[in-house]
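For the record, the sequence lines run as chains H and U. The numbering of the first sequence is my numbering, which starts it at 1257 and goes up by one. The numbering of the second sequence is my numbering, which starts it at 108 and goes up by one. We put the CB at the ideal spot given by N, CA and C, even for glycine. What follows is one structure encoded as structure tokens, with my remarks underneath.
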Amino acid sequence: MLRRRLSTGAVIGGQENAAYVPDSAVEGRQTTVTFTGLSPAALEANKPFTPLKKKSSLLSLWSNDSRDVKLKNLKQELEMDEHKIPLATLFSRLKTDPIMGMTQHYAEERLRQDGPNSLKPMKGEPEWKKFLVKLFGGFHLLLLFGAFLCMAAFFMEYSSSDQPSYDNLWLSIILIALVIGTTIFAYYQERQSSSIMDSFKGMIPQFAEATRDGKKVTMKVEDLVVGDLIDVKFGDRLPADILILSCSNFKVDNSSLTGESEPQTRAPECTHNNPLETKNLAFFSSNAVEGVARGIVIRVGDNTVMGRIASLTSGVEPGPTPMAREIQAFIRLVSVIAISTGSIIFTVAMILGYSWINSIIFLIGIVMAYVPQGLVPTVAILLTLTAKRMARRNCLVKNLEAVETLGSTSTICSDKTGTLTQNRMTVAHVWFDDTIRQMDTSESQTSDVLFDNTIPGWKILSRIGKLCSRAEFVTGQEDRPISKRDAKGDASEQAILKCMEQVDGSVADYRKEFPTACEIPFNSTNKYQVSVHRLVGVESSNYILVMKGAAERISALCSTILVNEREIPMDDEWRKKIDDAYLKLGGLGERVIGFCDFQLPAADFPVGFKFDIENINFPIKDLRFVGLMSMIDPPRAAVPDAVRLCRSAGIRVVMVTGDHPITAKAIARSVGIISPKNETIEEIAERLKIPQRDLDPKMAKAIVIHGAELSEFDQDQLDNILRHYQEIVFARTSPQQKLIIVEGFQRLGSIVAVTGDGVNDSPALKRADIGIAMGITGSDVSKQAADMILLDDNFASIVTGVEQGRLVFDNLKKSIAYTMITKIPEAAAFVVFIVANIPLLLGAIPILCIDLGSDLFPAISFAYERPESDIMKRKPRNMFTDKLVDNKLLEIAFWHTGILESFGCFFAMFVILGENGFWPYRLLGLRAEWDSKAINDLQDSYGQEWTYDARKELEKTCYAAYFANVVVQQWSSLLTRKTRRASIFTHGFANKLMNFALFFETCVACFFIYTPGLNAIVQFRPIRITWWLPSIPFSLLNFLYEEVRKLWIRKYPDGWVSKEVYY
Amino acid sequence: MTEKKSEDYFAVAPPKRSGWANFKLFLWNGETSEFLGRSASSWAKIFLFYVVLYAFLAAFFAAMLMVFFQTLDLYQPRWQNANGLIGTNPGLGFRPMPSSANVESTLIHFKHGTAGNWKQWTAELEKFLYPYDTVASSGEYFTSCSFDKWPAQGKVCNFDIKLLGTQCTKEELFGYERGRPCIVLKLNRIFGWIPEPYDDPSELPANMPTELKEYIKTKATENKEQLKMIWVSCDGENSADREHIGNVTYTPFRGFPAYYFPYKNVPGYLSPIVALQFQKPEAGVLINIECKVWAKNIIHDRQRRLGSVHFELLMD
């Protein structure tokens, strides 16, 4: 009856209570069963760690994509037998000796063979390749092709004419310079952001104590080889994977590898077939937190478990970022438009009888006009500015494009330990006087004591907590807040120590009042810890015995209980009360510890009594039960709010952890990953008192899935789970499973962010669209794999990231909507020149002055534009339909505003040419004569005759005026692009940089037009002030039109017109 | 409802198609009867939308242009001389010019003699001189002038074609048949531009051809008034050209008399002209010829063709 299928999370939850009794009691699961009422069979069904053999078959089923075999192998579980085979076999295999260690000579030889004991750095792409990708990426190929054609046209002309024009040569040189310049800029930007990472690379050299030739030597960790005999003590980072030969009270923190939040005991015996579960293996990069051990190195460097995960990580190829995809799509779209328009113009020009050289030059002109040369710097600067803004809020972005990814994110897969939680055991509740009292678990722990610490019950309980403990603070850190001080000892003892220090003041001073008479340290058979202290000032007693241990064990050893200062006999009623409190606290995912004491009667134990801990000569039964304390790795304070904000922004937060389901669920509940209104199917079953199998699993909206369960799912089942359940917690997942979960979400069309700090999170971090590592607690491997690092480990920074990401997407969209407008006036000058045969009104180099001169700064100023609406209240964008640049955006930019601006520019041209003598009618068909050097007396509308030179001066004046009038009209375009819906007047003009940009772009234009020498290079001539003005009516019309358009969109949001004119 | 929820969470990927299939579907989507992504009614609506939008824009543009032309004088440009781009340094023009099919060329190439192919050039000259022949410059604004008789205020001088003499006439086929081609020079009109002639033989610039200096000095002895003239000098560009150019005569004057200036855009105005006649150009040799006009306020720049004109003569 109790052996339910694993697909019911509650069973797992129930069983896993076992893991929350004191760590030393892990073997004593039978005992736990009495508390939870589960049979051993149920436990059997739930292996703590996913059997990875199953995994491999699963993988072959899932990875239908063409991943290479090596990666597949890495995804499979590691095969190890060192922990199972007899030691003698192992020693002979490794050619080592359990006492003498290896010979120095042979060790050196092996070092030469195997290489140093270090992780190969993740190989990035070679720098030259990165540079080349930038050089030929984006529009650069198009521009380089244009430059090539220009160069070809120049040489053709050069060889056939004695007076060649150098314009084409200039243009091609400028284009090549532009491409190289942009490349260097983009490359430098990327390098700059990635160089931030170098600070993480500088690791302090570490040393290990090895025995070679029977002598102890301290050597660099890199020089260790397989077979070396080494000693490890608490505080060390394990230098390699070792097999434990002997140890004393040795515990390692495996949280980085497996996600388990509690330190694991190690012992020389093989306890499990799974190398990750067995007690006689300790792994590279995990920390020894307690005790000492002697072991033999069995794996080094990349062959270590951690090394394999690191290689798996580097083998996982992250896809292009959403931003890169959007920009790629934009580039493709514009290239298609540019090339097809250019080809049409080329064909038309050929039909109209232009020479093919001229036609090619027209083609280049059109392509030049359409290509937004300023795009690369604009995007890079926009992203950099956002990245800097985020860095100020402790969000370090390694990959610039990742800045936007968070904004597109629809699913966040978060690790628990160290990410959602503080990764620090803290006393959360105490139970005494039949009352559960809450303790302060906030990170700062500065709030006042939550209850009266003068209650006698507390005094008794805290005395045991203070005395029955081997934990003590590391000296020299007295100036730090208590919660931040380092302490020696077991994690739960540390938690109690800090709690006591916080509530009652100095524990060390207190202990001095009660000198220790004797002490029985914790061991896994007794499951308790006892110490006896001298008691002064009490008549009836000279000594007090204090004891703490597994709650059920302690309650069994007691015959009385202290309630409200009265000692009353322990009856079944009180035992049940203790059980209830234990279960309640255990259900919160907390580890519960029991406390009891006993005042040794003065008659039997006079002062100076010799306590013997070998043959115990004092009572350790029929003690006085005092209370319980429960500990948890508490959630970080900012997390619940952050989760809520993510929710309201339409982002799903899913927990993926290596820790046990019940802790996972408890934390998920307390941070809101499982919301209060939602229940898991087990909870529904319990509430309705109906067996779970009678319920439709789809009733529940929340689910806790165990790794073992997950490994039995096929792809469809997983997809169904991901689709159906709104709130999901994955517990006991392996690094490989984390990867599979991320891929599952991605397959279903999510953009996935993964947060994590451990080595076991690294493959998922890398595979995610954006991997977010923790800066303080995070392992180096996770930081390497991540795209973003939260320097303060504050999950709430993710909310900032989402907001900034969405904002930068919106602003980039607006910025592109702004810069693309001028493409039409630029192209119009060419098209009208070719079709209507009028003189050219805007040359190719002046086009660059617009794109890279006047328009650049305003385009960048969009970085500082505030959001139009509450961007955290809307859903993440749909990656298939909500594009950065879509047809609508281009349609509005080109065929509404662009055409309008072209009209404005042509009007300005007709004014300037008219005032100088050429009326519009006269210009039609004038091109050939205008451009002929042979004609030195071209008549205008007033009968005046113009030399070639004067005409060209007029033409360059026109270029300048065209440029000036584009700028004048871009003033209003800049302002109107601030919003897509809202009226500009309600949105306001708070973007100071943009206001400055209006002024600045005008200055840039003046600089180009009026600087002697420079204006000659860019083919400009100084223009009259009045020639800036003709397009002002068009600029105002542009402004008015945009306001009307937006008004219409707001008024008739569902109307046909709104659908056509909203981008 | 559950299904809807899941759609909320996951963006639904569009069906995967090849690029070509997508393009075909874009061209014509039979399911929705969409052509290029729009149905017929959608096309009609968007067409109407743009017709209205562009009609409005065009009307606005036209209105602005009309307003602008209200402010413009139809007879004199707003920006004149140094205020405008045309400047104060007139260029020179020559006739006959090569046909518009050969718009980049300045080569006058013909074969003389009765069997020659000079028709194109004489026809061009005839066409150019036609207004001088027929309509002449007459009417209330015009008057005939001489060095002793400058035009009164508000009047302009007409140019009498008879002054061209007997050689450079259409009756003589402008000398082309006989191998003594006439080429007409005219100074570019610049509204309101007034020349400052070299009217003092002692102040002639150093770079003026000696031959012209001599001529001016001779003229000075005759009648000082005749020096109020923009002088013209034509010669081969290089020494080889100068060898082959032969003698050149200038009719009716060795330049443009100053009384024709300033140009005021009077209807029917005809520019004063100088007819060059090459008396004996070397046949079969390409001769580069540069003509310059000389006045105190004209500077020369061969590259920019300021105050000068360049053409080539090739007579077979």
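As assigned by DSSP and simplified to three states, the class of residue i
i                       : result
residue 1513 of chain H : helix
residue 324 of chain U  : helix
residue 423 of chain U  : coil
residue 216 of chain U  : strand
residue 1798 of chain H : strand
residue 399 of chain U  : strand
residue 1883 of chain H : strand
residue 1687 of chain H : strand
residue 329 of chain U  : helix
residue 303 of chain U  : coil
residue 2156 of chain H : helix
residue 405 of chain U  : coil
residue 2180 of chain H : coil
residue 2140 of chain H : coil
residue 1650 of chain H : coil
Alpha-carbon to alpha-carbon, residue j and residue i
i                       : j                       : result
residue 2096 of chain H : residue 187 of chain U  : 23 Å
residue 1638 of chain H : residue 2118 of chain H : 8 Å
residue 367 of chain U  : residue 237 of chain U  : 20 Å
residue 1346 of chain H : residue 1554 of chain H : 9 Å
residue 411 of chain U  : residue 2210 of chain H : 14 Å
residue 1385 of chain H : residue 1432 of chain H : 19 Å
residue 1681 of chain H : residue 1992 of chain H : 27 Å
residue 1285 of chain H : residue 1808 of chain H : For residue 1285 of chain H, the pLDDT reaches just 32, beneath the cut-off of 50, and the residue's location in the model is therefore unreliable, although a value from the coordinates is still provided. Distance between the alpha carbons of residue 1285 of chain H and residue 1808 of chain H is about 12 Å.
residue 2160 of chain H : residue 2292 of chain H : 10 Å
residue 1444 of chain H : residue 1388 of chain H : 13 Å
residue 1275 of chain H : residue 1916 of chain H : Because the pLDDT of residue 1275 of chain H is 35, which lies under 50, any placement of that residue in the model is unreliable, and the question is left without a value.
residue 1690 of chain H : residue 1846 of chain H : 18 Å
residue 1591 of chain H : residue 2287 of chain H : 30 Å
residue 1617 of chain H : residue 1649 of chain H : 50 Å
residue 1247 of chain H : residue 1925 of chain H : No answer is possible for residue 1247 of chain H: it lies beyond the span of chain H, which begins at 1257 and ends at 2319.
Anticipated Cβ contact below 8 Å, residue i with residue j, distance rounded
i                       : j                       : result
residue 354 of chain U  : residue 387 of chain U  : 6 Å
residue 2058 of chain H : residue 1662 of chain H : 5 Å
residue 224 of chain U  : residue 218 of chain U  : 5 Å
residue 402 of chain U  : residue 337 of chain U  : 5 Å
residue 1523 of chain H : residue 1535 of chain H : 5 Å
Proximity winner among the options, relative to residue i (alpha-carbon distances)
i                       : options                        : result
residue 1655 of chain H : H:2022, H:2078, H:2250         : H:2022
residue 281 of chain U  : U:405, U:155, U:402, U:234     : U:234
residue 1732 of chain H : H:1741, H:2190, H:1502, H:1523 : H:1741
residue 1698 of chain H : H:1691, H:1685, H:1692         : H:1685
residue 1989 of chain H : H:1439, H:1386, H:1336, H:1514 : H:1514
residue 1858 of chain H : H:1903, H:1822, H:1848, H:1789 : H:1789
residue 1348 of chain H : H:1484, H:1535, H:1442, H:1393 : H:1484
residue 246 of chain U  : U:263, U:133, U:252, U:256     : U:263
Limits of the alpha helix (DSSP H) - the one that residue i falls within
i                       : result
residue 1336 of chain H : Careful: residue 1336 of chain H lies outside any alpha helix (DSSP H) and carries neither H nor E.
residue 170 of chain U  : 147 to 177
residue 2317 of chain H : 2312 to 2317
residue 1681 of chain H : Element bounds for residue 1681 of chain H: n/a, residue is neither H nor E.
The beta strand (DSSP E) enclosing residue i, as first and last residue numbers
i                       : result
residue 283 of chain U  : Note, residue 283 of chain U: premise wrong, no beta strand (DSSP E); not H, not E.
residue 1555 of chain H : 1543 to 1555
Proximity test, residue i beta-carbon vs the ligand NAP heavy atom, cut-off 8 Å
i                       : result
residue 2274 of chain H : Absence of the ligand NAP is noted for the structure shown, with no ligands found whatsoever.
Contacting positions in the region 173 to 201 of chain U - beta carbon closer than 7 Å to chain C: Note that chain C does not occur in the displayed structure, where the protein chains are H and U.
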